[in-house]
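In my numbering, the protein residues as written are 250 to 766. We treat Cβ as the ideally placed atom computed from N, Cα and C, and that holds for glycine.
See below:
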């Protein structure tokens with residue numbers, strides 16, 4: 250799946266040694282302009298190669314040597330900040346990376362270098378995207394795209410189009426994502442024709458080719474077109490292999506593993522995840538390492554091999570705690586909870602699920618959280634005689650529905666509204682019948698509106714049956730209650746405007762007695 254070249258490592262070390270010797274031979278004064286230009290160009294080329302081949306030790310040494318020379322060449326501070334930021338980003342230190350990239354952007358703008366400014370914008374967008382700042386990323390990228398059009402910088406334009414495609418993928422807007430990636434692909438093909446027959450093609454072009462294939466494949470993965478996803482991801486892997494882009498190989502192996510997992514080729518998926526793990530361990534790239542362990546554990550769960558799933562699931566939680574990536578930590582806790590549940594460890598399972606719910610409910614919500622919020626709510630609702638946990642389940646459903654409404658993801662809403670109705674009756678008993686009935690009426694309306702549009706016909710019919718049954722049950726229970734109390738039955742108008750009127754009080758759960766090993 251991936252290969253390494255000892256000869257390439259040898260050549261890199263030889264080149265690095267030559268560059269180091271040249272740096273030591275330079276007097277402690279400023280260089281003449283021509284010599285300075287050659288030195289910084291060679292330095293950047295070597296630094297780029299160090300990043301691609303995951304040679305972070307060499308990159309640290311190179312940064313140390315450049316720091317000593319910046320006092321005589323302050324114009325190199327932008328380069329220094331850029332690669333210091335990349336080192337911090339790969340190491341998972343996002344605040345430090347953001348600090349360096351912001352400095353690089355400010356200095357590039359002050360120097361009036363458009364191409365360098367766009368590169369700095371791309372770097373900053375990269376780390377902001379890792380932290381979920383979608384609107385800031387969109388603003389940066391579109392500003393950079395405008396500059397690239399104005400100054401006819403086609404390689405920078407290609408980079409930005411690719412990253413806009415990735416941004417909208419993260420926002421689950423597949424159509425816009427595919428549009429930007431398609432534009433990038435067309436530009437990429439045009440640029441490749443320019444260099445056809447040439448002995449030297451810019452490395453950046455090859456990296457963008459791999460990036461484009463990777464995210465086209467990832468889009469097909471998201472819409473469950475496994476064959477197309479595998480085709481594009483395999484193309485990306487081949488290009489990354491040719492240019493020893495270790496981080497690109499690790500990321501693409503992870504996505505290929507996800508494709509095989511979804512397509513029920515679990516053995517192939519495990520091979521991909523293990524390959525990604527090996528490279529991520531070499532890189533010590535913790536964010537991707539966390540994901541590789543998470544998906545490895547998830548694959549063993551799907552195979553029903555829960556004992557084998559325990560170790561990677563625990564490791565994913567450890568890495569999530571270390572990197573403080575809220576979304577992935579919440580996922581990791583949920584997955585570990587599922588493992589403990591099947592290993593008949595109910596207290597540990599409960600502790601993990603509660604921690605997962607706490608993380609999801611206390612932070613900024615994203616569209617991709619919808620399904621796991623629903624799953625977490627389902628688990629908490631299934632617990633017997635635990636009113637506080639049922640209230641937490643209700644909160645999970647409310648958050649999930651809010652995300653569906655704000656992101657136009659309505660296909661899951663009818664089933665979740667039904668679950669929410671059951672949660673109201675569990676939490677409030679007879680006092681919750683009115684809210685439950687309103688949920689069932691909304692479920693009935695949604696099932697009718699979404700029939701054959703977002704819901705398969707059979708599912709829509711099942712939802713309507715569930716809603717009608719729920720309405721009848723609530724009405725029957727309320728009639729019996731009124732007879733017992735001697736009060737008239739209160740009726741209300743059908744609730745058709747979302748769930749904003751269903752107020753759910755906040756809950757505080759005591760989990761002090763539940764420890765996770």
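* **Own chain partners of residue 667 with C-beta closer than 6 Å, once the 5 adjacent residues on each side are dropped** => Correct list, in chain order: 692, 715.
* Asked: Within 10 angstroms of its Cβ, does residue 391 collect 16 or more other Cβ (buried), or is it exposed?
  -> Residue environment for residue 391: exposed (fewer than 16 other C-beta atoms within 10 angstroms of its C-beta).
* To do: Note down, in chain order, each residue of its chain lying with its Cβ closer than 8 Å to the Cβ of residue 410, except the 5 sequence neighbours on either side.
  => These residues qualify, in order along the chain: 394, 429, 430, 432, 433, 436.
* Apart from the five residues just before and just after residue 479, which ones in its own chain have a Cβ nearer than 6 Å to its Cβ? -> For residue 479, same chain residues with a beta-carbon under 6 Å away, outside a window of 5 residues either side, are 508 in chain order.
* Look up residue 492 in the DSSP assignment and say whether it is helix, strand or coil. => Annotated three-state conformation of residue 492 is coil, per DSSP.
* So, do the segment 555-567 and the segment 526-545 have three or more beta carbon pairs nearer to each other than 8 Å? -> Yes: at least three Cβ pairs fall under 8 Å.
* Compute the distance between the beta-carbons of residue 713 and residue 686, then report whether it is under 8 Å. => For the 8 Å CB-CB criterion, residue 713 and residue 686 do not form a contact.
* In terms of residues, what are the limits of the alpha helix (DSSP H) holding residue 524? -> Segment 515-532, the alpha helix (DSSP H) holding residue 524.
* For the segment 565-639, list the alpha helix (DSSP H) runs that are entirely contained and at least 4 residues long, ordered along the chain. => As far as the segment 565-639 is concerned, its whole alpha helix (DSSP H) runs of at least 4 residues are 575-591, 595-610, 619-631.
* To the nearest angstrom, how far is it from the Cα of residue 554 to the Cα of residue 640? -> In this structure, the alpha-carbon of residue 554 lies about 32 Å from that of residue 640.
* Give me the Cα-Cα distance between residue 293 and residue 490, rounded to the nearest whole angstrom. => Looking at the two C-alpha atoms, the distance is approximately 21 Å.
* Cβ pair residue 482, residue 455 closer than 8 Å -> With a cutoff of 8 Å on beta-carbon distance, residue 482 and residue 455 are scored as not near each other.
* Residue from 557, 465, 291, 589 whose Cα sits closest to the Cα of residue 601 -> The shortest Cα separation from residue 601 among 557, 465, 291, 589 belongs to 589.
* residue 335: which of 318, 371, 387 sits nearest, CA to CA? -> With distances taken between Cα atoms, residue 335 lies closest to 371.
* What's the gap between the Cα of residue 308 and the Cα of residue 576? -> Cα to Cα, the separation comes out at about 30 Å.
* Note down the Cα distance separating residue 534 from residue 330, rounded to an integer number of angstroms. => Going from the Cα of residue 534 to the Cα of residue 330 covers about 20 Å.
* Ignoring anything shorter than 3 residues or poking outside the segment 444-480, list the beta strand (DSSP E) runs there in chain order. => The qualifying runs do not exist here; there are none.
* Asked: Near residue 320, which residues of its chain fall below 6 Å by C-beta distance, leaving aside the five closest residues on each side in sequence?
  -> Closer than 6 Å at the Cβ level, and outside the excluded window around residue 320, lies no residue.
* Give the range of the alpha helix (DSSP H) segment to which residue 321 is assigned. => That residue, residue 321, is in no alpha helix (DSSP H); it is neither H nor E in DSSP.
* Asked: Can you tell me whether DSSP reads residue 487 as helix, strand or coil?
  -> In the structure shown, residue 487 sits in a helix (DSSP, three-state: H, G or I).
* Asked: Which residue's Cα is closest to the Cα of residue 295: 599, 328, 594, 470?
  -> Nearest option by C-alpha distance: 328.
* **Cβ neighbours of residue 297 in the same chain (closer than 8 Å, five flanking residues each side left out)** => Excluding positions up to five away in sequence, the list reads 452.
* DSSP-derived helix/strand/coil call for residue 715 -> Residue state, collapsed to three classes: helix.
* Out of curiosity, what's the CA-to-CA distance linking residue 645 and residue 587? -> For residue 645 and residue 587, the distance between alpha carbons rounds to 17 Å.
* Asked: Do you know how far the Cα of residue 425 is from the Cα of residue 325?
  -> When only Cα atoms are considered, residue 325 and residue 425 end up about 38 Å apart.
* **Reference residue 340, options 653, 572, 647, closest by Cα** => Nearest neighbour of residue 340 by Cα position, chosen from 653, 572, 647, turns out to be 572.
* Mind checking which residues open and close the alpha helix (DSSP H) that includes residue 380? => It is not in any alpha helix (DSSP H) - residue 380 carries neither H nor E in the DSSP assignment.
* Asked: Taking the alpha helix (DSSP H) that residue 414 falls in, what are its first and last residues?
  -> 403-419 is the extent of the alpha helix (DSSP H) around residue 414.
* Residue span of the alpha helix (DSSP H) that contains residue 348, given as start and end -> Here the alpha helix (DSSP H) through residue 348 covers 343-360.
* To do: Determine the closest residue to residue 413 out of 468, 603, 684, 683, with distance taken between C-alpha atoms.
  => Measuring C-alpha to C-alpha distances from residue 413 to each of 468, 603, 684, 683 identifies 468 as the nearest.
* To do: Inspect the beta-carbon positions of residue 407 and residue 457 and report whether they are closer than 8 Å.
  => Result yes, Cβ atoms of residue 407 and residue 457 sit closer than 8 Å.
* **Closest residue to residue 396 among 421, 358, 383 (Cα-Cα distance)** => Nearest of 421, 358, 383 to residue 396, Cα basis: 358.
* To do: Alpha carbon to alpha carbon, how far is residue 345 from residue 337? Give it in angstroms, no decimals.
  => Each residue's Cα considered, the two are about 6 Å apart.
* Report buried or exposed for residue 418, applying the criterion of at least 16 other Cβ atoms within 10 angstroms of its Cβ. => Around the beta-carbon of residue 418, 16 or more other beta-carbon atoms lie within 10 Å, marking it buried.
* Asked: In angstroms, rounded to a whole number, what distance separates the CA positions of residue 556 and residue 574?
  -> Looking at the two C-alpha atoms, the distance is approximately 26 Å.
* Asked: Can you name the start and end residues of the alpha helix (DSSP H) that residue 298 belongs to?
  -> Segment 282-301, the alpha helix (DSSP H) holding residue 298.
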